[in-house]
Amino acid sequence: MSEIRFDTYLERLRSTGSIALLQQELPAPVDEFRRGLRRAARAAGIRVLTSRQGGSFIAWDPAFEVPAEALRAAMDALTILPSTVATCPDDLVVMRDAPGGGWVCPECGRRVELPPSTRPKPDDTGIPGINGG
Numbered sequence: 063m064s065e066i067r068f069d070t071y072l073e074r075l076r077s078t079g080s081i082a083l084l085q086q087e088l089p090a091p092v093d094e095f096r097r098g099l100r101r102a103a104r105a106a107g108i109r110v111l112t113s114r115q116g117g118s119f120i121a122w123d124p125a126f127e128v129p130a131e132a133l134r135a136a137m138d139a140l141t142i143l144p145s146t147v148a149t150c151p152d153d154l155v156v157m158r159d160a161p162g163g164g165w166v167c168p169e170c171g172r173r174v175e176l177p178p179s180t181r182p183k184p185d186d187t188g189i190p191g192i193n194g195g
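Plus 62 on top of the position in the sequence shown (first one is 1) and you've got this note's numbering.
Here it is as structure tokens:
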């Protein structure tokens, strides 16, 4: 567990308030990662809650305040994100962040572009994310 650099994850918590990963993308077994993240967050003065359901791992700071602009951008993005794609072999697939912005289906390659009212947030943390944050 000591080889995991939690500072990258803590910076994501400070800047966006949450982390969302697939359990298979975690750098350690989910229980070990959760314990290590909570320990590192506590040392940094951040309270972290976690959930692991359906193959996902989510961690969030309950004290994080989301700006109104960010909520509007998220709602704009959700209104165009399709839940399923008829040509995709797996209708339960999770759309992933696409290079250059938007989302892409990892199974069929269908891409959904960001609407003009939504600006992509630069992210150089290297942490993969289900919803970009």
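C-beta atoms are modelled at their ideal positions from N, C-alpha and C, and glycine is treated no differently.
Does the Cβ of R74 have 16 or more other Cβ atoms within 10 Å, making it buried, or fewer, making it exposed?
As a first step, residue 74 must be located in the sequence shown, where it is residue number 12. Buried is the call here.
Could you check whether the Cβ of P161 sits closer than 8 Å to any Cβ belonging to chain B?
This model lacks chain B altogether, as it is built from one protein chain only.
Contact check, F126 vs Q85, beta carbons under 8 Å:
By 1-based counting over the sequence shown, the position of residue 126 is 64. By 1-based counting over the sequence shown, the position of residue 85 is 23. In this structure, Q85 does not lie closer than 8 Å to F126 by Cβ.
Please report the residue range of the beta strand (DSSP E) in which F119 lies.
The count along the sequence shown starts at 1 and reaches residue 119 at position 57. From DSSP, the beta strand (DSSP E) with F119 extends over S118 to W122.
Here's the rule I'm using: 16 or more other beta-carbon atoms within 10 Å means buried, otherwise exposed. How should A45 be labelled?
A query on residue 45 cannot be resolved here, the shown segment of the chain reaching from 63 to 195 and no further.
Could you check what DSSP says for L84 in three-state terms: helix, strand or coil?
In the sequence shown, counting from the first residue as 1, residue 84 sits at position 22. Here L84 sits in strand by DSSP.
Taking R114 as part of the beta strand (DSSP E), name the residues at either end of that continuous run.
Position 52 of the sequence shown, counting from 1, holds the residue named residue 114. Start and end: L111 to Q115.
Give me whichever residues DSSP pairs with R173 in a beta bridge.
Numbered from its first residue, the sequence shown carries residue 173 at position 111. Paired residue(s): V166.
Evaluate V128 with the Cβ neighbour count: other Cβ atoms within 10 Å of its Cβ, from every protein chain shown; 16 or more gives buried, anything less gives exposed.
Along the sequence shown, one-based indexing puts residue 128 at 66. V128 is exposed by the Cβ-count criterion.
Extent of the continuous alpha helix (DSSP H) to which G98 belongs
For the purposes of this step, residue 98 is identified with residue 36 of the sequence shown, where counting begins at 1. It spans V92 to A105 - the alpha helix (DSSP H) in which G98 sits, taken as one unbroken run.
CB contact flag (F68, L88, <8 Å)
Working through the sequence shown from its first residue, we reach residue 68 at position 6. Working through the sequence shown from its first residue, we reach residue 88 at position 26. Contact flag unset, no.
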